[in-house]
Amino acid sequence: ASGLMAGSLTVFNLANNLQSFPVGIFGVSFAIAAFPALSQYAFDKEKLEANFSSTLRQIFFFVIPSTVFLITLRAQIIRVILGSGAFSWQNTILTMNTLALFSVSLFAQASIPLMVRVFYARHNSRTPFYLGIFTVAVDIILCLTLSKRMGVTGLALSYSISNILNFLLLWTWLYFKVGNLGIAKIVNSAIKFGLASIGAGLTIQLMKIAVLPIIDMTRFSGVFIQLIVAASAGGVVYLILCYLLGSEEVITFISL
Numbered sequence: 290a291s292g293l294m295a296g297s298l299t300v301f302n303l304a305n306n307l308q309s310f311p312v313g314i315f316g317v318s319f320a321i322a323a324f325p326a327l328s329q330y331a332f333d334k335e336k337l338e339a340n341f342s343s344t345l346r347q348i349f350f351f352v353i354p355s356t357v358f359l360i361t362l363r364a365q366i367i368r369v370i371l372g373s374g375a376f377s378w379q380n381t382i383l384t385m386n387t388l389a390l391f392s393v394s395l396f397a398q399a400s401i402p403l404m405v406r407v408f409y410a411r412h413n414s415r416t417p418f419y420l421g422i423f424t425v426a427v428d429i430i431l432c433l434t435l436s437k438r439m440g441v442t443g444l445a446l447s448y449s450i451s452n453i454l455n456f457l458l459l460w461t462w463l464y465f466k467v468g469n470l471g472i473a474k475i476v477n478s479a480i481k482f483g484l485a486s487i488g489a490g491l492t493i494q495l496m497k498i499a500v501l502p503i504i505d506m507t508r509f510s511g512v513f514i515q516l517i518v519a520a521s522a523g524g525v526v527y528l529i530l531c532y533l534l535g536s537e538e539v540i541t542f543i544s545l
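Positions 290 to 545 (the working numbering) are the ones given, in order, by the sequence shown.
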């Protein structure tokens with residue numbers, strides 16, 4: 290990033306900070322909370338599978354819509370948080386594009402802390418370490434290659450590809466060593482979350498357009514109102530669609 294156009298390192302860090310928020314809130318928090326149960330049932334495949342599956346589905350319940358929200362509202366989020374002073378519209382566009390490519394791998398980034406803890410619970414810290422080293426090497430190669438063509442956005446794409454690769458490698462290893470880890474329920478839930486997120490994303494786009502006649506998008510207040518209204522509408526639609534699709538996770542969420 291330091292070798293690219295001026296400001297690339299700042300753009301990379303700003304976009305990374307924004308996309309790291311849902312990973313830290315949901316991925317890392319759930320993984321830490323689940324670790325005692327994973328350790329207790331580390332060598333009981335049936336109970337380990339049940340705990341892992343339940344926790345991963347809860348992570349997906351929050352992270353999949355977060356991906357859609359970050360992509361559809363990235364301009365508003367960046368302008369509200371960063372869009373002042375010397376932070377120009379061109380800087381906003383560059384940060385938007387970088388954030389979008391980071392967001393593609395949110396599901397993988399949020400899942401890796403949980404998957405790694407399954408290895409730790411089973412007294413195996415070497416495998417995730419070696420797989421991590423391999424994916425870092427892939428990331429470096431992709432960064433050197435893609436940054437020449439895409440600039441700082443190429444670094445974000447490299448980061449996402451390497452995280453998805455790490456996710457797939459960890460999952461494959463666990464699949465053969467532990468079992469299917471409740472993959473059928475996980476995929477079923479992920480499909481429901483995906484469909485509900487698409488509905489939420491469409492709602493967000495419609496609400497962004499709907500409020501335009503009554504706000505001034507050249508002012509902070511206008512961008513902020515558009516962000517809050519669209520995000521709130523999208524969140525409500527997501528919960529309703531998850532409920533209609535029979536998602537266990539949304540029922541648990543509502544009861545909490």
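Where is the CB? At the ideal position from N, CA and C, for every residue including glycine.
All of these numbers come straight from a predicted model, not from anything done at the bench.
Three-way DSSP call (helix, strand, coil) for Q469 in this model: Stepping through the sequence shown from its first residue, residue 469 is reached at position 180. The question names Gln, but residue 469 in the sequence shown is Asn. N469 falls in the coil class under three-state DSSP.
Length of the line joining the Cα atoms of A323 and L298: Taking the first residue of the sequence shown as 1, we reach residue 323 at position 34. Taking the first residue of the sequence shown as 1, we reach residue 298 at position 9. Cα-Cα distance, rounded: 35 angstroms.
Backbone CA spacing between I370 and F332 [nearest angstrom]: Translated into positions along the sequence shown, residue 370 becomes position 81. Translated into positions along the sequence shown, residue 332 becomes position 43. Whole-angstrom Cα-Cα distance: 46 angstroms.
DSSP three-state assignment for N413, whether helix, strand or coil: By 1-based counting over the sequence shown, the position of residue 413 is 124. In the structure shown, N413 sits in coil (DSSP, three-state: anything other than H, G, I, E or B).
Continuous alpha helix (DSSP H) assignments of at least 4 residues falling wholly in the region 389-443: 395-410 and 415-439
Sequence-distant residues of its chain with Cβ nearer than 6 angstroms to T492 (five each side left out): Along the sequence shown, one-based indexing puts residue 492 at 203. Result list for T492: A522, G523 and V526, in chain order.
Exposure of G292, with buried meaning 16 or more beta-carbon neighbours within 10 Å: Within the sequence shown, numbered from 1, the residue matching residue 292 stands at position 3. Label assigned to G292: exposed.
Stretch-stretch touch, CB-based, cutoff 8 angstroms, three pairs: the region 490-506 with the region 355-370: yes
S451 vs V427 beta-carbon contact at 8 angstroms: Your numbering for residue 451 matches position 162 in the sequence shown. Your numbering for residue 427 matches position 138 in the sequence shown. A contact, by the Cβ cut-off of 8 angstroms.
Selected residue, minimal CA-CA separation from Y419, among L458, A389 and T384: Here residue 419 refers to the residue found at position 130 when the sequence shown is read from its first residue. Selected option, being the one with the closest Cα: L458.
Residues near A410 in its chain [Cβ-Cβ closer than 6 angstroms; skip 5 each side]: The residue you call residue 410 lines up with position 121 of the sequence shown. Closer than 6 angstroms at Cβ, skipping near neighbours: L327, S328 and A331.
Cβ-Cβ distance between L383 and T356 below 8 angstroms: Position 94 of the sequence shown, counting from 1, holds the residue named residue 383. Position 67 of the sequence shown, counting from 1, holds the residue named residue 356. For L383 and T356, no; Cβs fall outside 8 angstroms.
Coarse secondary structure for F332, derived from DSSP in three states: Residue 332 sits at position 43 when you count from the first residue of the sequence shown. Three-state result, F332: coil.
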